[in-house]
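Colleague: Numbering (the numbering used here), first residue to last: 15 to 401.
Spelled out as structure tokens, the structure:
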């Protein structure tokens, strides 16, 4: 990835490289691109299953001792040229500006919240963070375990002073199994939490291309553990949703669900509760937590590129790189609207790198159909932070 004119002034930002997943030498291609960064942390996105372990082995042979390597499978990747598929994207965070430590949070299905909180607090206590530098958390989580809501709430409670964001690992469009990497091992039914410190300026970016309508509904019956709505306004959920959107229930498609999501208001903000499918019994399956009694608002899709461009342009300074977690439903919607190339150009212009997710996490919330990112910029006085 071109570091751009800002980096050439002496501040070394993260470096993103990309390799064809189908090529046998993809690990060495990534390693060649990462070496110059002398990374303290490397994130890899796009490799699946045993590929992750093999890739970790290749990278460890050529990267500095102590470099933290973590990653996950994805539903698509964001590389130096924008959206890509069947690729592996690796991001190196230079040791001259970053320090990191990783923690595996296992057994998502059992929700061992007390164990997680104790481990998170030990991690922070042992990290010895510098109060003059920015500290943040990155979260990679099994995207099919369905426990993101409880997990992010736990992290927020255990580390209230650490802003955390991340994404749910994907499996292309198959939704069969997702994988995570940390400490040289591959995991499922788990999450990887990274505590990261930097002397670069950091700014969070969140963008969802929806606005609330005046239409509100009440969840009158649900199965929370399955993220399923049975009734809306005391009517079969799919039938009532169809009435409100004006689309016949037997004609509802994933495109319709993506264009008319349900929004949950928290404070002054609305968060997307994406619908993944209509169930055979007339219910609606969601990609985030839901409970009986929840009040939801019907959302309306807006321009997907202009608002995003404005969010990036509002950054205090041009970014050295933006680490991005972008919902696969957003990417599919962009492709359906013929905006894939336009968005890829925008992602490349602002040096966004990351992956397409099954869900996003920020501010103690698990959301959908949202872009969540972290922009790394030169400090206000870049001359004092030469690489």
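Cβ atoms here follow ideal geometry from the backbone N, Cα and C, with glycine treated the same way.
According to DSSP, simplified to helix, strand and coil, what is residue 35?
Modeller: Residue mapping note: residue 35 aligns to position 21 of the chain shown, counting from 1. Of the three classes helix, strand and coil, the one that applies to residue 35 here is coil, per DSSP.
Colleague: Sorted by chain position, which residues of the same chain lie with C-beta nearer than 7 Å to residue 72's C-beta, five sequence neighbours on each side aside?
Modeller: Along the chain shown, read from residue 1 onward, the residue named residue 72 stands at position 58. So the qualifying residues of the chain are 41, 42, 45.
Colleague: Cutting at 7 Å between CB atoms, please list the residues of its own chain near residue 347, excluding the five before and the five after it.
Modeller: For the purposes of this step, residue 347 is taken as the residue at position 333 of the chain shown. Closer than 7 Å at Cβ, skipping near neighbours: 272, 318.
Colleague: Nearest by alpha-carbon distance to residue 54: which of 362, 353, 212 is it?
Modeller: Walking along the chain shown from the start, residue 54 turns up at place 40. Ranking the options by Cα distance to residue 54, first place goes to 212.
Colleague: Please classify residue 65: is it buried, with 16 or more other beta-carbons within 10 angstroms of its beta-carbon, or exposed?
Modeller: For the purposes of this step, residue 65 is taken as residue 51 along the chain shown, with counting starting at 1. Buried, since its Cβ has 16 or more Cβ neighbours within 10 Å.
Colleague: Closest by CA to residue 216, which one among 75, 85, 330?
Modeller: Here residue 216 refers to the residue found at position 202 when the chain shown is read from its first residue. If we check each option's Cα against that of residue 216, 330 comes out closest.
Colleague: Less than 6 Å between C-beta atoms, sequence neighbours within five positions excluded: which residues of the same chain meet that for residue 381?
Modeller: One-based indexing of the chain shown puts residue 381 at position 367. Closer than 6 Å at Cβ, skipping near neighbours: 285, 286, 374.
Colleague: Any chance you could list the beta strand (DSSP E) runs of at least 3 consecutive residues sitting entirely within the segment 241-309, in chain order?
Modeller: With a minimum length of 3 residues, the continuous beta strand (DSSP E) runs that stay inside the segment 241-309 are 242-246, 276-280, 283-287, 289-292, 298-300.
Colleague: Nearest to residue 245 by CA position, among 233, 256, 238, is which residue?
Modeller: Here residue 245 refers to the residue found at position 231 when the chain shown is read from its first residue. Nearest C-alpha to residue 245: 233.
Colleague: Could you tell me the alpha carbon to alpha carbon distance between residue 200 and residue 96, rounded to whole angstroms?
Modeller: Along the chain shown, read from residue 1 onward, the residue named residue 200 stands at position 186. Along the chain shown, read from residue 1 onward, the residue named residue 96 stands at position 82. Their Cα atoms are separated by approximately 27 Å.
Colleague: Do you know how far the Cα of residue 332 is from the Cα of residue 20?
Modeller: Numbered from its first residue, the chain shown carries residue 20 at position 6. Numbered from its first residue, the chain shown carries residue 332 at position 318. The predicted position of residue 20 is uncertain, since its pLDDT is 40 and thus under 50; no value can be drawn from it.
Colleague: For residue 56, tell me which candidate among 47, 274, 255 has the shortest Cα-Cα distance.
Modeller: Along the chain shown, read from residue 1 onward, the residue named residue 56 stands at position 42. Out of 47, 274, 255, 47 has the C-alpha closest to the C-alpha of residue 56.
Colleague: For residue 177, which residues in the same chain have their Cβ closer than 6 Å to its Cβ, ignoring the five residues on either side in sequence?
Modeller: Position 163 of the chain shown, counted from the start, is the residue given in the question as residue 177. If we look at residue 177 and ignore the five residues flanking it on each side, its Cβ neighbours are 150.
Colleague: So for residue 189, helix, strand or coil by DSSP?
Modeller: Here the question's residue 189 lines up with position 175 in the chain shown. Coil.
Colleague: Rounded to whole angstroms, what is the Cα-Cα separation between residue 62 and residue 228?
Modeller: Reading the chain shown from its first residue, position 48 is the one you call residue 62. Reading the chain shown from its first residue, position 214 is the one you call residue 228. Approximately 43 Å, taken between the alpha carbons.
Colleague: Here's the rule: buried if 16 or more other CB atoms are within 10 angstroms of the residue's CB, otherwise exposed. What is residue 309?
Modeller: For the purposes of this step, residue 309 is identified with residue 295 of the chain shown, where counting begins at 1. Result: exposed.
Colleague: Under DSSP, the alpha helix (DSSP H) around residue 64 begins and ends at which residues?
Modeller: By one-based count along the chain shown, residue 64 stands at place 50. It spans 64-76 - the alpha helix (DSSP H) in which residue 64 sits, taken as one unbroken run.
Colleague: Counting along the chain, where does the alpha helix (DSSP H) carrying residue 360 start and finish?
Modeller: Reading the chain shown from its first residue, position 346 is the one you call residue 360. Per DSSP, residue 360 is one residue of the alpha helix (DSSP H) stretching across 354-363.
Colleague: By DSSP, does residue 232 sit in helix, in strand, or in coil?
Modeller: Here the question's residue 232 lines up with position 218 in the chain shown. In the three-state reduction of the DSSP assignment, residue 232 falls in the strand class.
Colleague: What is the DSSP secondary structure of residue 318, reduced to helix, strand or coil?
Modeller: Within the chain shown, numbered from 1, the residue matching residue 318 stands at position 304. Coil.
Colleague: How would you call residue 398, buried or exposed, if buried means at least 16 neighbouring beta carbons within 10 angstroms?
Modeller: Along the chain shown, read from residue 1 onward, the residue named residue 398 stands at position 384. Annotation note: pLDDT 41 at residue 398 (below 50); position unreliable, coordinate value reported separately. The residue is exposed, with fewer than 16 neighbouring Cβ atoms inside 10 Å.
Colleague: Consult DSSP for residue 331 and reduce its assignment to one of helix, strand or coil.
Modeller: Reading the chain shown from its first residue, position 317 is the one you call residue 331. Looking at residue 331 - three-state DSSP - the assignment turns out to be coil, as it is neither helix nor strand.
Colleague: Please determine if the segment 381-394 and the segment 333-340 are in contact, where contact requires at least 3 C-beta pairs separated by less than 8 Å.
Modeller: Segments in contact, yes.
Colleague: Identify whether residue 410 lies in helix, strand or coil by the three-state DSSP scheme.
Modeller: This structure leaves residue 410 out entirely; the chain is present only between 15 and 401.
Colleague: Grouping DSSP H, G and I as helix and E and B as strand, with all else coil, what is residue 311?
Modeller: Taking the chain shown and counting its residues from 1, one reaches residue 311 at position 297. Three-state result, residue 311: strand.
Colleague: Are residue 311 and residue 230 touching if we call contact CB-CB under 8 Å?
Modeller: The sequence position of residue 311 within the chain shown is 297, counting from 1. The sequence position of residue 230 within the chain shown is 216, counting from 1. Going by C-beta atoms, residue 311 is nearer than 8 Å to residue 230.
Colleague: Using the C-alpha atoms, what's the distance from residue 103 back to residue 23?
Modeller: Against the chain shown, residue 23 aligns to sequence position 9. Against the chain shown, residue 103 aligns to sequence position 89. Unreliable positioning characterises residue 23 in this predicted model, as indicated by a pLDDT of 49, which lies under 50. A coordinate reading is not provided.
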